[in-house]
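One structure is given below, encoded as structure tokens.
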Amino acid sequence: MTTPTPYSAFPGALWPAVPQPAGGALLAILGQLEQSQFVAPEQLLRVRRPQLEALLDHSEAALPFWQARLQEVGLDRASRGNAALDQRVWDERWARLPLLTRPDVQAEGEGLRISALPKGHGDIGETVTSGSSGRPVRIYRSTLDYLYLQAFQLREHVWRGRDLSGTFLSIFRDDRREHLDESAHLRRMDDWGPPVSVVWPSGPSVLLDYRAPIDTLIETICELAPDYLSTFPSLLLEILRRVRETGKRLPPLREAIGVGEATSPELTELCRTLWKAPLACTYTAYEAGAIAYRCREEERWHLQSEKSVIEVLDEDGGPCAPGETGRVIVTPLHNFAMPLLRYEIGDLATVGAGDCACGRKLPTLDDIPGRARDLLMLENGDLRPPYYGHGAVMQVRAIRQHQVVQTALGQISFRLVVARPLSEDEERHVITAASEALGGGFRVRLEYVDEIVRGPAGKFAEFERQF
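In terms of this note's numbering, the sequence shown opens at residue 3 and continues consecutively.
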């Protein structure tokens, strides 16, 4: 990647540029990440340790929940003392710190939110996510944590060597779309948007709303002829299967980018054979931001160890050896608004082994199984991502867990685990919100259950199509 000269804060001072404050902050973080990726693992642990201790100190001082847990395992400030703990002792105590689960986050609620941030961390924002387990949680994030999130997004662009002057097409839901009777809804922008636009000039970008027939999406892609395309892997797979079926010729593409789901070998192969393009994938989560990125050399997943402490644990709670698959546990390092210490994110991963040809020393994953979602089938047989109005539905806070199941054409079952019986108004709200988001033509019914069981691979499917 040959990055363009950053935007300059001063007219006439074009090169070397003096970046705008926000762009300068991102470049400062990115520059440090360029160095840390080649640092030996034991050295990275030493460099990262003060940041983790600062997070623990803040959590202990602000929240009784974390004060009790840290004291129990000897990771509170008093137990650590003035001298730094030996890394072996630290690791032993850290391994005894109980995992934080989604039910824990639900039960504690505001008790995990810190009201007073350290100076300079900015404001606190809120988001609601079901993530991979289907248990919705409210996550609070500081402005500073969002800055780190953006810096790691820039890192992924750099790793993949993308040409920022190209056209970037995203196929996702566009909440600004007002008329669903349009065959294809496009929103054009002059640049790639933040964080790229905060730092560097770039080519144009286009947002294509996915709520269109597959054939229409294909025609629009052909008309736009983008350099880069980003969407859900499940939707991209459906698009390429239709291309293979119809023999449609696609325009050249530099790279396809799968976001939010696992990718299959079939999708990688279709990108290569039908599009002559590589497939890039990102492993991120609302709660933690970047977890792992793939490099170009071996397509291995490199853990973003500067962003979070990331563990892969076996059934007994010990670290998985290379080649073993276990539960992913994350501790985001920079979100002081809602510390999540040893948070079980609900995903599975397979630990990698050996050095990567790219030369980076960051730990690797060989696979992230069980992160794909199904697609919703419309009356005409078309498939599309199953958007069902999650944000509006989760305004009913008594809902503890949910799963959406398409049982037949036009029929949707909303399985709910609730803290208390829902009122008639709440039930009506859920059904109306889901029906409107699905776009009509679906009959939605509620089904109350005591528990929603995971699949055979240990992965919860937020949406399932059972026919």
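Yeah, the Cβ is synthetic: ideal placement off N, Cα and C, and Gly gets one too.
Checklist entry - Any contact of the region 162-181 with the region 200-212, i.e. 3+ C-beta pairs under 8 Å? => result yes
Checklist entry - Roughly how many whole angstroms lie between the Cα atoms of residue 141 and residue 182? => result Position 139 of the sequence shown, counted from the first residue, corresponds to residue 141. Position 180 of the sequence shown, counted from the first residue, corresponds to residue 182. When only Cα atoms are considered, residue 141 and residue 182 end up about 31 Å apart.
Item to check | Start-to-end residues for the alpha helix (DSSP H) that takes in residue 34 | outcome: The sequence position of residue 34 within the sequence shown is 32, counting from 1. Start and end: 23-38.
Next on the checklist: Extract the residue ranges of the beta strand (DSSP E) inside the region 221-253, only unbroken runs of 3 or more that lie entirely within it.
Outcome noted: 230-233
Checklist entry - Can you tell me the Cα-Cα spacing of residue 265 and residue 234, whole angstroms? => result Counting from one through the sequence shown, the residue named residue 265 turns up at place 263. Counting from one through the sequence shown, the residue named residue 234 turns up at place 232. Taking the straight line from one Cα to the other gives about 9 Å.
Item to check | Proximity below 8 Å, CB of residue 398 to CB of residue 428 | outcome: Residue mapping note: residue 398 aligns to position 396 of the sequence shown, counting from 1. Residue mapping note: residue 428 aligns to position 426 of the sequence shown, counting from 1. Pairing residue 398 with residue 428 gives a Cβ-Cβ distance under 8 Å.
Item to check | Cβ contact check for the region 355-364 and the region 291-300: 3 or more pairs under 8 Å | outcome: With a cut-off of 8 Å, the region 291-300 and the region 355-364 count as touching, because enough Cβ pairs lie within range.
Checklist entry - Are there 16 or more other CB atoms within 10 angstroms of the CB of residue 12, so buried, or fewer, so exposed? => result The residue given as residue 12 occupies position 10 in the sequence shown. Exposed, since its Cβ has fewer than 16 Cβ neighbours within 10 Å.
Checklist entry - Would the beta-carbon of residue 400 be found less than 7 Å away from any heavy atom of the ligand ZN? => result Absence of the ligand ZN from the depicted structure is noted, as is the absence of any ligand whatsoever, leaving it without description.
Checklist entry - Residues bridged to residue 322 by DSSP? => result Position 320 of the sequence shown, counting from 1, holds the residue named residue 322. Beta-bridge pairing links residue 322 to no other residue.
Next on the checklist: At the level of alpha carbons, what is the spacing between residue 154 and residue 349?
Outcome noted: Within the sequence shown, the letter at position 152 stands for residue 154. Within the sequence shown, the letter at position 347 stands for residue 349. Distance between the alpha carbons of residue 154 and residue 349: 20 Å.
Next on the checklist: To test your reading of the DSSP string, which unbroken alpha helix (DSSP H) runs of 4 or more residues are found completely within the region 350-408?
Outcome noted: Runs found: 392-395.
Next on the checklist: I'd like the list of long-range same chain contacts for residue 444, defined as Cβ closer than 6 Å, with 5 residues on each side in sequence excluded.
Outcome noted: For this step, residue 444 is matched to residue 442 along the sequence shown. Result list for residue 444: 412 and 414, in chain order.
Checklist entry - To which residues does DSSP link residue 273 through a beta bridge? => result Walking along the sequence shown from the start, residue 273 turns up at place 271. Answer by DSSP bridge pairing: none, since residue 273 is not bridged.
Next on the checklist: Quick check on this structure: which residue in 65, 217, 285 and 303 has the alpha carbon closest to the alpha carbon of residue 261?
Outcome noted: Here residue 261 refers to the residue found at position 259 when the sequence shown is read from its first residue. Closest by alpha carbon: 285.
Checklist entry - Going straight from the alpha carbon of residue 186 to that of residue 223, what length do you get? => result Taking the first residue of the sequence shown as 1, we reach residue 186 at position 184. Taking the first residue of the sequence shown as 1, we reach residue 223 at position 221. Cα to Cα, residue 186 sits roughly 11 Å from residue 223.
Checklist entry - Got a sec? Which residues, its chain only, sit under 8 Å from residue 346 by beta carbon, not counting five neighbours each side? => result Locating residue 346 in the sequence shown gives position 344, counting from the first residue. 101, 102, 103, 104, 329, 330 and 331.
Next on the checklist: Rounded to whole angstroms, what is the Cα-Cα separation between residue 278 and residue 311?
Outcome noted: By 1-based counting over the sequence shown, the position of residue 278 is 276. By 1-based counting over the sequence shown, the position of residue 311 is 309. C-alpha of residue 278 to C-alpha of residue 311: approximately 36 Å in a straight line.
Item to check | Length-filtered (4 minimum) alpha helix (DSSP H) runs lying within the region 82-112 | outcome: 89-98 and 104-110
Checklist entry - Does the region 236-256 come within contact of the region 189-207, defined as at least 3 CB pairs closer than 8 Å? => result no
Next on the checklist: Could you pull the DSSP bridge partners for residue 329 from this structure?
Outcome noted: For the purposes of this step, residue 329 is taken as the residue at position 327 of the sequence shown. Residue 329 pairs with 315 and 350.
Checklist entry - Going by other Cβ atoms of all chains shown within 10 Å of its Cβ, with 16 needed for buried, is residue 84 buried or exposed? => result Here residue 84 is taken as the residue at index 82 of the sequence shown, counted from 1. So residue 84 counts as exposed.
Item to check | Given residue 57 as reference, the closest of 455, 418, 116 and 110 once Cα atoms are compared | outcome: Position 55 of the sequence shown, counted from the first residue, corresponds to residue 57. Measuring C-alpha to C-alpha distances from residue 57 to each of 455, 418, 116 and 110 identifies 116 as the nearest.
Item to check | Three-state secondary structure assigned by DSSP to residue 139 | outcome: Residue 139 sits at position 137 when you count from the first residue of the sequence shown. Residue state, collapsed to three classes: strand.
Next on the checklist: Going by the DSSP bridge assignment, what does residue 192 pair with across the sheet?
Outcome noted: Your numbering for residue 192 matches position 190 in the sequence shown. DSSP lists no beta-bridge partner residue for residue 192.
Next on the checklist: Using a 10 Å radius around the Cβ and a threshold of 16 neighbouring Cβ atoms, would you call residue 62 buried or exposed?
Outcome noted: If you number the sequence shown from 1, residue 62 lands on position 60. With 16 or more other Cβ atoms from the protein chains shown falling within 10 Å of its own Cβ, residue 62 counts as buried.
Checklist entry - Between which two residues does the beta strand (DSSP E) harbouring residue 304 extend? => result Taking the first residue of the sequence shown as position 1, residue 304 is located at position 302. Residue 304: member of the beta strand (DSSP E) spanning 303-305, first to last residue.
Next on the checklist: Just to confirm the assignment, what range does the alpha helix (DSSP H) spanning residue 154 have?
Outcome noted: Within the sequence shown, the letter at position 152 stands for residue 154. Taken as a continuous stretch (DSSP letters only), the alpha helix (DSSP H) holding residue 154 covers 145-162.
Checklist entry - residue 16: buried (16+ other C-beta within 10 angstroms of its C-beta) or exposed? => result The residue labelled residue 16 in the question sits at position 14 within the sequence shown. With fewer than 16 Cβ atoms within 10 Å of its Cβ, residue 16 is classed as exposed.
Next on the checklist: Spatial neighbours of residue 113 within its chain, please: C-beta separation below 6 Å, excluding the five flanking residues on both sides.
Outcome noted: In the sequence shown, the residue the question calls residue 113 occupies position 111. Closer than 6 Å at Cβ, skipping near neighbours: 67.
Next on the checklist: On the CB-based measure, 16 or more other CB atoms within 10 Å of its CB, does residue 7 come out buried or exposed?
Outcome noted: One-based indexing of the sequence shown puts residue 7 at position 5. By the 10 Å Cβ count, residue 7 comes out exposed.
Next on the checklist: Tell me the DSSP secondary structure of residue 73 in three-state form.
Outcome noted: For the purposes of this step, residue 73 is taken as residue 71 along the sequence shown, with counting starting at 1. Residue 73: helix per DSSP, three-state reduction.
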